[in-house]
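Participant: Attaching a single structure in structure tokens format; questions to follow.
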Amino acid sequence: MASRAGGADAATIEREDQVVAKVSRRLIWFLFVMYIFSYLDRINTSFAALTMNRDLMLSATAFGMASTIFSIGYLIFDVPSNLMLARTGARIWLPRIMITWGVASAATSLAVGPISLYVIRFIVGAAEAGFLAGVLLYLSYWFPASHRGRATGVFMAAAPFTIVIGAPISGLFLNMHGFLGLAGWRWLFLLEGAPSVIVGVIAYFYLSDRPRTAPWLSDDEKDLLEGRIARERAAEPAAGKTDSIWRELASPTVLALCLAYFCIVTTVNTNAVWAPQIVAAMMKSTGGFAGGFVGVGLITALPSLVALVVLPLWTLRSDRRQERTWHTVAALAAAALGWVLVLVSTEPLFRLPGLILMTAGAFTAMAVFWTIPTMALSSRASPAGIGLISSAGIAASIITPLVVGVLKDRMGNFTGGVTYALALLVVCIVVVLALRPRRPVGAVAAPAPEPLA
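With positions in the sequence shown counted from 1, the corresponding number in my numbering is that position plus 5.
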């Protein structure tokens, strides 16, 4: 129990758990909604490609370049954005991110050719930079490490949830082609970008920076929550943490975490950017689009629906057992097996289970993975460290669309791109296993925490 609560008595721990549950009820659902609109921009682009590529005369390589340029903008401003959040507070910075990216995402409807598309997508990436890393840092201010797996898991479930609801809706918006003289893909960006601005304005009035500034917590609740987090910080092992922030960021552990996250995002990005086109190709092989764009959307949504069920259950199991490495590795192995099924199966009936395994495994692995950096980094280095690891994922988002696009143009199919993503998943498994903590002889595992409401 000491490893979990720093020696607090059972009554205090129970009261602290109640405060954490209250925080979860207040914050997680709203952060979940914010992430939906962030990820919706990725869904927009992948579905818009079904008709936008023809209108703007984009090859697969050129479309991949648009996603790459978006990620370059995100990468450049990711760490500075996270540092600004730490300085100004989430109540100001997260709404700023949402409002500016909402306007920029809607402006993608104004693209008239490859160059204008590239410019707008760079602006969208720069505007959205720091959102994911910022929320992950924000969660570390509010949730003890013993509950952070579930908090992160529920928040990140917004990504597959967005695909579940966004894919069919995107298909419907594409079918608005010609309404008021606009192409369907232009309606797609307009109608799914504007709500981000509204949610951003609400976020300014809804969020609190830290427990100490939250008017919806009593003074006793603030003391209990901050005391719990402080005790856990004090009990963290000193290994890997140095007096210099820059030495800590350049440590082998942080660099390995960057590599692992790069590999995970490669698969997630391949799924987000190319899944509708992979599904469309599968449907064409069986005789055409059954149900048109809405049919593509429904089939694309199915793997994410499974992920939406698996992700919170797996992260809850990880928190109960207070184990991160093997939960991450098992999810990565499932994703790798999914890509193998996509590669070796010639029948769409067998490729679909592969997409399901890959999607559920990748999203679940990402959620559990993000509990590791917040424990490996000191409180001083967390803003820059989380931003740096997040930037490694953005680097993957820069490289992956271009690699998959070039391989698609040269090979005429997605085999090369899927093989690339699969190989990096294998690398990721090796890296995560190498990072697993060694429990000292005689160490006692922490008791399982109570589930969040």
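Just so it is clear, CB atoms sit at the ideal spot from N, CA and C, and this is done for glycine as well.
For the region 404-415 against the region 341-352, do three or more pairs of beta-carbon atoms, one drawn from each stretch, fall closer than 8 Å, so that the two count as touching?
Facilitator: Counting Cβ pairs under 8 Å, fewer than three are found: no touch.
Participant: Quick one, which of 23, 257, 170 has its alpha-carbon nearest residue 310's?
Facilitator: Here residue 310 corresponds to residue number 305 of the sequence shown, with the count starting at 1. If we check each option's Cα against that of residue 310, 170 comes out closest.
Participant: Of all the alpha helix (DSSP H) runs that stay within the bounds of the region 347-374, which reach a length of 4 or more residues?
Facilitator: The region 347-374 contains these whole alpha helix (DSSP H) runs: 353-374.
Participant: Could you check what DSSP says for residue 155 in three-state terms: helix, strand or coil?
Facilitator: Taking the first residue of the sequence shown as position 1, residue 155 is located at position 150. Three-state DSSP puts residue 155 in a helix.
Participant: Under the rule that 16 or more other beta-carbon atoms within 10 Å means buried, what is residue 259, buried or exposed?
Facilitator: Against the sequence shown, residue 259 aligns to sequence position 254. Classification of residue 259: buried, given that the 10 Å Cβ count is 16 or more.
Participant: Between residue 439 and residue 333, what straight-line distance do the alpha-carbon atoms span, to the nearest angstrom?
Facilitator: Numbered from 1 along the sequence shown, position 434 holds the residue referred to as residue 439. Numbered from 1 along the sequence shown, position 328 holds the residue referred to as residue 333. Going from the Cα of residue 439 to the Cα of residue 333 covers about 12 Å.
Participant: In or out: residue 147 buried (at least 16 other Cβ within 10 Å) or exposed?
Facilitator: For the purposes of this step, residue 147 is taken as the residue at position 142 of the sequence shown. Counting Cβ neighbours within 10 Å, residue 147 comes out buried, since at least 16 surround it.
Participant: What are the boundary residues of the alpha helix (DSSP H) that residue 114 is part of?
Facilitator: For this step, residue 114 is matched to residue 109 along the sequence shown. Neither: residue 114 is in no alpha helix (DSSP H) and is coded neither H nor E.
Participant: In three-state DSSP terms, what is residue 19?
Facilitator: For the purposes of this step, residue 19 is taken as the residue at position 14 of the sequence shown. Three-state result, residue 19: helix.
Participant: Quick test of the definition: if touching needs 3 or more C-beta pairs under 8 Å, does the region 364-383 touch the region 43-50?
Facilitator: They do not touch, by the three-pair rule.
Participant: Rounding to the nearest angstrom, what Cα-Cα distance links residue 432 and residue 272 in this structure?
Facilitator: As a first step, residue 432 must be located in the sequence shown, where it is residue number 427. As a first step, residue 272 must be located in the sequence shown, where it is residue number 267. Looking at the two C-alpha atoms, the distance is approximately 12 Å.
Participant: To which residues of the same chain is residue 109 closer than 6 Å at the C-beta, ignoring the five residues directly before and after it?
Facilitator: Counted from its first residue, the sequence shown places residue 109 at position 104. Excluding residues within five positions, the ones whose Cβ falls inside 6 Å are 128, 129, 132.
Participant: Just the C-alpha distance for residue 86 and residue 111, rounded to the nearest angstrom, thanks.
Facilitator: As a working note, residue 86 is residue 81 in the sequence shown. As a working note, residue 111 is residue 106 in the sequence shown. Their backbone Cα atoms lie some 22 Å apart in a straight line.
Participant: In whole angstroms, what is the alpha-carbon distance linking residue 237 and residue 230?
Facilitator: If you number the sequence shown from 1, residue 237 lands on position 232. If you number the sequence shown from 1, residue 230 lands on position 225. Taking the straight line joining both Cα atoms gives about 11 Å.
Participant: Buried or exposed for residue 378, going by 16 or more other Cβ atoms inside 10 Å?
Facilitator: If you number the sequence shown from 1, residue 378 lands on position 373. Residue 378 is buried by the Cβ-count criterion.
Participant: Considering only the beta carbon of each residue, do residue 176 and residue 368 sit closer than 8 Å?
Facilitator: Numbered from its first residue, the sequence shown carries residue 176 at position 171. Numbered from its first residue, the sequence shown carries residue 368 at position 363. Going by C-beta atoms, residue 176 is not nearer than 8 Å to residue 368.
Participant: Terminal residues of the continuous alpha helix (DSSP H) containing residue 427?
Facilitator: On the sequence shown, residue 427 is found 422 positions in, with the first residue counted as 1. Residue 427 -> alpha helix (DSSP H) spans 420-439.
Participant: Can you round the beta-carbon distance between residue 160 and residue 79 to whole angstroms, since I take them to be within the 8 Å contact cut?
Facilitator: Locating residue 160 in the sequence shown gives position 155, counting from the first residue. Locating residue 79 in the sequence shown gives position 74, counting from the first residue. With a Cβ gap of about 19 Å, residue 160 and residue 79 do not count as contacting.
Participant: Taking only three categories from DSSP, how would you classify residue 213?
Facilitator: Taking the first residue of the sequence shown as position 1, residue 213 is located at position 208. Three-state DSSP puts residue 213 in coil, outside helix and strand.
Participant: What's the call for residue 205, buried or exposed, on a 16-neighbour Cβ count within 10 Å?
Facilitator: Taking the sequence shown and counting its residues from 1, one reaches residue 205 at position 200. Residue 205 comes out buried.
Participant: Count the C-beta pairs between the region 186-205 and the region 320-335 that are closer than 8 Å, then say yes if the count reaches three, no if not.
Facilitator: At 8 Å Cβ cutoff, the stretches do not touch.
Participant: Please classify residue 370: is it buried, with 16 or more other beta-carbons within 10 angstroms of its beta-carbon, or exposed?
Facilitator: For this step, residue 370 is matched to residue 365 along the sequence shown. Classification of residue 370: buried, given that the 10 Å Cβ count is 16 or more.
Participant: At what residue ranges does the region 42-98 contain a whole run of the alpha helix (DSSP H), taking only runs of 4 or more?
Facilitator: The qualifying runs are 65-93.
Participant: Going by other Cβ atoms of all chains shown within 10 Å of its Cβ, with 16 needed for buried, is residue 158 buried or exposed?
Facilitator: Counted from its first residue, the sequence shown places residue 158 at position 153. Per the 10 Å Cβ criterion, buried.
Participant: Mapping the DSSP letters down to three states, classify residue 261 as helix, strand or coil.
Facilitator: Taking the first residue of the sequence shown as 1, we reach residue 261 at position 256. Residue 261 falls in the helix class under three-state DSSP.
Participant: Nearest to residue 276 by CA position, among 164, 178, 135, is which residue?
Facilitator: Within the sequence shown, the letter at position 271 stands for residue 276. Ranking the options by Cα distance to residue 276, first place goes to 164.
Participant: Select from 89, 327, 425, 264 the residue whose C-alpha is nearest the C-alpha of residue 154.
Facilitator: Position 149 of the sequence shown, counted from the start, is the residue given in the question as residue 154. Cα-wise, what sits closest to residue 154 is 327.
Participant: Using DSSP with H/G/I as helix, E/B as strand and the rest coil, what is residue 25?
Facilitator: As a working note, residue 25 is residue 20 in the sequence shown. If DSSP states are grouped into helix, strand and coil, residue 25 belongs with the helices.
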